[in-house]
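Chains as they are written, first to last, in the working numbering: chain A, 56 to 169; chain B, 5 to 143.
Note that the Cβ used here is the ideal one computed from N, Cα and C, for glycine as well.
Each remark here refers to the structure printed beneath this line.
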């Protein structure tokens with residue numbers, strides 16, 4: 056599992072995740088991941104294009120981040136998951152709780168629309 | 005031709021689960037199982053075993069979790085047997101995330117993912133173990 060901070064401009068962050076998001080890899084990632092959702096953060100987009108596999112433990116950290124931002128009247132938007140990863144997210148109903156965009160442009164639009 | 009299959013033992017912690025899952029993925033690749041079916045087996049294995057460790061309280065000193073996969077031309081037949089307390093994932097109601105993040109719990113979504121991945125799930129309690137059989141359709 057690899058996380059890249061593509062953009063960090065205070066209020067806004069653009070992150071990219073790569074590899075497997077499962078019970079083993081999430082444990083190694085979550086401290087670094089949640090450090091990016093400090094009090095200044097309100098809006099974030101996460102590129103899932105490089106994620107090859109997502110389990111419920113991986114979904115848990117996305118939901119936690121989305122809840123953190125929503126409590127500040129902000130928003131998390133996911134984008135670009137491969138087909139099987141998107142299917143897993145939809146099987147868990149995540150698309151009902153967190154917007155999933157096809158690409159970065161749509162993710163930015165959804166993240167900032169009121 | 006002899007039907008292909010693999011049997012694995014998992015020593016009830018996440019490092020062991022990662023090792024077994026990697027071994028399963030190598031087997032699925034060698035057998036040239038289609039990506040969707042391989043993903044489904046990977047997901048069911050991850051969710052059921054991690055659930056038994058996190059919520060069933062299984063620890064490395066407990067009897068290992070046993071995994072068996074049989075490959076036929078039409079489907080993959082996966083069986084996972086653990087020594088945890090009785091838990092029937094076919095009886096528990098799956099939870100879906102809802103639109104209201106303020107009230108959304110952060111966990112509990114794995115069961116819906118497992119049900120989506122398998123064509124059929126069968127559970128039995130046998131010899132003090134949970135035995136889950138999952139059939140996954142090949143493309």
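Taking Cβ positions only, does residue i come closer than 8 Å to chain A?
| i | result |
| --- | --- |
| residue 68 of chain B | no |
| residue 28 of chain B | no |
| residue 76 of chain B | no |
| residue 36 of chain B | no |
| residue 40 of chain B | yes |
| residue 46 of chain B | yes |
| residue 19 of chain B | yes |
| residue 122 of chain B | no |
| residue 89 of chain B | no |
Taking the C-alpha atoms as reference points, what is the distance between residue i and residue j?
| i | j | result |
| --- | --- | --- |
| residue 49 of chain B | residue 106 of chain B | 31 Å |
| residue 109 of chain B | residue 116 of chain A | 11 Å |
| residue 40 of chain B | residue 167 of chain A | 34 Å |
| residue 11 of chain B | residue 79 of chain A | 21 Å |
| residue 15 of chain B | residue 23 of chain B | 10 Å |
| residue 122 of chain B | residue 57 of chain B | 21 Å |
| residue 137 of chain B | residue 82 of chain B | 6 Å |
| residue 130 of chain A | residue 44 of chain B | 30 Å |
| residue 71 of chain A | residue 126 of chain A | 23 Å |
| residue 112 of chain A | residue 76 of chain A | 7 Å |
| residue 146 of chain A | residue 65 of chain A | 33 Å |
| residue 114 of chain A | residue 26 of chain B | 20 Å |
| residue 84 of chain B | residue 60 of chain B | 14 Å |
Can you tell me which of the three DSSP states residue i falls into?
| i | result |
| --- | --- |
| residue 92 of chain A | coil |
| residue 107 of chain B | coil |
| residue 121 of chain A | helix |
| residue 18 of chain B | helix |
| residue 72 of chain A | strand |
| residue 35 of chain B | coil |
| residue 78 of chain B | coil |
| residue 61 of chain B | coil |
| residue 87 of chain A | helix |
Pick from the options: whose alpha carbon is nearest that of residue i?
| i | options | result |
| --- | --- | --- |
| residue 124 of chain A | A:62, A:68, A:60, A:57 | A:68 |
| residue 124 of chain B | B:25, B:80, B:139 | B:139 |
| residue 76 of chain B | B:37, B:86, B:92 | B:37 |
| residue 160 of chain A | A:150, A:135, A:152, A:141 | A:135 |
| residue 137 of chain A | A:109, A:58, A:86, A:57 | A:109 |
| residue 120 of chain A | A:64, A:87, A:62, A:142 | A:87 |
| residue 55 of chain B | B:71, B:127, B:9, B:86 | B:86 |
| residue 117 of chain B | A:149, A:156, A:151, A:143 | A:143 |
| residue 131 of chain B | B:19, B:28, B:67, B:17 | B:67 |
For residue i and chain B, any beta-carbon pair shorter than 8 Å?
| i | result |
| --- | --- |
| residue 125 of chain A | yes |
| residue 133 of chain A | no |
| residue 74 of chain A | no |
| residue 147 of chain A | yes |
The region 24-43 of chain B contacting the region 90-106 of chain A, beta-carbon criterion three pairs below 8 Å
no
State whether the region 100-108 of chain A contacts the region 88-101 of chain B, with contact taken as three or more CB pairs (one from each stretch) at a distance under 8 Å.
The answer is no - the region 88-101 of chain B does not touch the region 100-108 of chain A, with fewer than three Cβ pairs under 8 Å.
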